[in-house]
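Peer 1: Quick one: structure below, then a few questions.
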Amino acid sequence: MLVRINYIFSNSKLLLLIVGSVLILFFAVFSVQGRAETYKTNDAFLNENFANNVPTVKVVWIRDALKEQVDAILAHPYAKLRVKYWLSGDKSAWILEEIGKEQPITTGIIIQNNKIEKIEILAFRESRGWEVKYPFFLKQFIQSGLKADHRLDKNIDGITGATLSVRAVTKLSRMALLLHKYQAEKS
Numbered sequence: 058m059l060v061r062i063n064y065i066f067s068n069s070k071l072l073l074l075i076v077g078s079v080l081i082l083f084f085a086v087f088s089v090q091g092r093a094e095t096y097k098t099n100d101a102f103l104n105e106n107f108a109n110n111v112p113t114v115k116v117v118w119i120r121d122a123l124k125e126q127v128d129a130i131l132a133h134p135y136a137k138l139r140v141k142y143w144l145s146g147d148k149s150a151w152i153l154e155e156i157g158k159e160q161p162i163t164t165g166i167i168i169q170n171n172k173i174e175k176i177e178i179l180a181f182r183e184s185r186g187w188e189v190k191y192p193f194f195l196k197q198f199i200q201s202g203l204k205a206d207h208r209l210d211k212n213i214d215g216i217t218g219a220t221l222s223v224r225a226v227t228k229l230s231r232m233a234l235l236l237h238k239y240q241a242e243k244s
């Protein structure tokens, strides 16, 4: 065994190959992990959109028919029992999360007059698909509404390589529109 180890260390090309392989493997494993990036805090998003006069937080309970509709939009059961939102007149703010591929994407969505006024990616934790944070993608959602079948009334173009992130953001925009409509009808 000692002879083999001495042989490996005496042969510099073999040693270089082994060290190089280990480094490549190391960087391949850890570069895929992705890292959480917070682009804007929830408080900053709310202050910005309510001119530093953030309304009191309210809660909508996700149950019965509403739960069925939310689950249908997300294509999986929604894990939370309630969702916080902020309401001032007909303007509501929603901070929602949905899994892209493996990690949650946090969005801030402003709804006014049953249309999306603003949408931002507040935090992104995936290793791929981060292009959804850019205005060229997000501006497609502005002035989108919800049709009777809970689909957006505008077509959203995808991004190559970011399909799961695009789907997550689209689902969250549909969910925010549904919840805005629900709370407006309830009050």
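In case it helps, this note's numbering puts the sequence shown at residues 58 to 244. Virtual Cβ for every residue (Gly too), placed ideally from N, Cα, C.
Are there three or more Cβ pairs, one per stretch, closer than 8 angstroms when the region 108 to 117 is compared with the region 191 to 205?
Peer 2: No, the region 108 to 117 does not touch the region 191 to 205.
Peer 1: Taking C-beta to C-beta, are residue 252 and residue 225 nearer than 9 angstroms?
Peer 2: Outside the shown range of the chain (58 to 244) lies residue 252, about which nothing can therefore be said.
Peer 1: Identify whether residue 111 lies in helix, strand or coil by the three-state DSSP scheme.
Peer 2: Reduced to three states, the DSSP call for residue 111 is coil.
Peer 1: If I measure Cβ to Cβ from residue 154 and keep anything under 6 angstroms in the same chain, skipping five residues before and after, which residues do I get?
Peer 2: Closer than 6 angstroms at Cβ, skipping near neighbours: 161, 163.
Peer 1: Under three-state DSSP, which class holds residue 125?
Peer 2: Helix.
Peer 1: Could you please give the first and the last residue of the uninterrupted beta strand (DSSP E) stretch that includes residue 177?
Peer 2: Note, residue 177: beta strand (DSSP E), 172 to 181.
Peer 1: With three or more beta-carbon pairs closer than 8 angstroms as the criterion, would you say the region 212 to 230 touches the region 173 to 184?
Peer 2: The answer is yes - the region 173 to 184 touches the region 212 to 230, with three or more Cβ pairs under 8 angstroms.
Peer 1: If we count Cβ pairs, one from each stretch, closer than 8 angstroms, do we get three or more for the region 101 to 115 versus the region 130 to 148?
Peer 2: Yes: at least three Cβ pairs fall under 8 angstroms.
Peer 1: Can you tell me whether residue 243 is helix, strand or coil according to DSSP?
Peer 2: Helix, per DSSP.
Peer 1: Classify residue 161 as helix, strand or coil using the three-state DSSP reduction.
Peer 2: Strand.
Peer 1: To test your reading of the DSSP string, which unbroken alpha helix (DSSP H) runs of 4 or more residues are found completely within the region 183 to 242?
Peer 2: Fully enclosed alpha helix (DSSP H) runs of 4 or longer: 192 to 195.
Peer 1: Check for me: the beta strand (DSSP E) holding residue 153 runs from which residue to which?
Peer 2: Its beta strand (DSSP E) spans residues 148 to 156.
Peer 1: State yes or no: is the C-beta of residue 105 within less than 9 angstroms of the C-beta of residue 181?
Peer 2: Not in contact: residue 105 and residue 181 (Cβ atoms no closer than 9 angstroms).
Peer 1: Could you name the residues that DSSP lists as bridge partners for residue 95?
Peer 2: For residue 95, which the question treats as bridged, DSSP gives the partners 180.
Peer 1: Could you tell me the alpha carbon to alpha carbon distance between residue 213 and residue 202, rounded to whole angstroms?
Peer 2: Approximately 12 angstroms, taken between the alpha carbons.
Peer 1: Answer yes or no: do residue 150 and residue 189 have a C-beta to C-beta separation smaller than 9 angstroms?
Peer 2: Their beta carbons are not under 9 angstroms apart, which means residue 150 does not touch residue 189 by this criterion.
Peer 1: Three-state secondary structure (DSSP) at residue 168?
Peer 2: Residue 168 falls in the strand class under three-state DSSP.
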